[in-house]
Amino acid sequence: MYHVLGVPSPSQPYPQLFVKPADLAGQLRWLARHGYHAVTLGQVFRYWRRAVPLPRKPVVVSFDDGYLSDYTVARPALQRYGWPGVLNLVVDNVTPGDITASQVRALIADGWEIDAHTISHVDLTGLGTAQLRREVAGSRLMLRHMFGRPVDFFCYPVGRYDAQVVAAVRAAGYLGATTVNPGLGAPSRPYTLDRIRIDYSDGVSGFAKKMQRYGA
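In this note's numbering, the protein residues as written are 11 to 226.
What follows is the structure, encoded as structure tokens:
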């Protein structure tokens, strides 16, 4: 799980949400050298549900929110290996300065999967029924309309969810949803899939330790 690819300013309140472009390149190189191959969540679910084959060591490389760096940094880094990324896209972030619709379309053309991350990146656990439905189901409809692609997966903003939120995700027709809980995704918990968050301080060695800690 990645967020912004770049170097945070001294005043940045969440510097750990950044990853240096050089570190991303090194982390992807580590994956390739250790036999990993990036896939989409859709591919994972087709394997889980219908035994459609996957590469021997599949890994989902996901990017949350929707930033310009997904296009300028992550895209060429993944192109080097012919790998897709997974973009958990906030609808309101599809705007010049973050990431534009044409840039998202370029990612899709490269094989990226676009998943929903709400309309406004709000904490879903405090919302009423109508607003919760709009953020969860509405974001799926909006992204499908914008890009003409299936949107089968959801990502909980700031990792916040409860039983009501999970029920809304199911009702909206998503096949699964990702969290910020550390670990590996499991088919027994499709609506609370764990991920391994990569932080600014990790570098390549910290990245490798996290992969090994969770048994990836």
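All C-beta atoms, glycine included, are put in the ideal place defined by N, C-alpha and C.
So, using beta-carbon positions, are Tyr81 and Lys67 closer together than 7 Å? Residue numbering aside, residue 81 sits at position 71 when the sequence shown is read from its first letter. Residue numbering aside, residue 67 sits at position 57 when the sequence shown is read from its first letter. No, they are not a contact pair.
Secondary structure of Arg205, DSSP reduced to three states: Mapped onto the sequence shown, residue 205 falls at position 195. Arg205: strand per DSSP, three-state reduction.
Could you give the residue range of the alpha helix (DSSP H) that holds Gly186? Position 176 of the sequence shown, counting from 1, holds the residue named residue 186. No alpha helix (DSSP H) holds Gly186; the beta strand (DSSP E) holding it covers Gly186 to Pro192.
Measuring CB to CB, does Asp162 end up less than 7 Å from Leu185? By one-based count along the sequence shown, residue 162 stands at place 152. By one-based count along the sequence shown, residue 185 stands at place 175. Taking 7 Å as the Cβ cut-off, Asp162 and Leu185 qualify as a contacting pair.
So, with DSSP's three-state summary, where would you put Leu271? Residue 271 cannot be examined here, being either before or after the span of the chain that is shown, 11 to 226.
Within the same chain, show all residues whose beta-carbon is closer than 8 Å to that of Tyr12, passing over the 5 residues directly before and after it, in chain order. Stepping through the sequence shown from its first residue, residue 12 is reached at position 2. The residues are Val29, Leu34, Val71, Ser72, Phe73, Asp74, Ala84 and Ile208.
DSSP state of Leu64, grouped into three classes? Counted from its first residue, the sequence shown places residue 64 at position 54. Looking at Leu64 - three-state DSSP - the assignment turns out to be coil, as it is neither helix nor strand.
Would you check if there are 3 or more beta carbon pairs closer than 8 Å linking the segment 142-149 to the segment 111-122? no
Can you tell me whether Thr188 is buried or exposed? The criterion is at least 16 other CB atoms within 10 Å of its CB, across all chains shown. Walking along the sequence shown from the start, residue 188 turns up at place 178. Counting Cβ neighbours within 10 Å, Thr188 comes out buried, since at least 16 surround it.
Quick check: the Cα distance between Val114 and Lys219, rounded to an integer number of angstroms? Start at 1 with the first residue of the sequence shown, and residue 114 comes out as number 104. Start at 1 with the first residue of the sequence shown, and residue 219 comes out as number 209. Roughly 32 Å separates the two Cα atoms.
Under the three-state DSSP convention, the category Asp75 falls into: In the sequence shown, the residue the question calls residue 75 occupies position 65. Reduced to three states, the DSSP call for Asp75 is strand.
N- and C-terminal bounds of the alpha helix (DSSP H) containing Leu41: By one-based count along the sequence shown, residue 41 stands at place 31. Start and end: Pro31 to Arg43.
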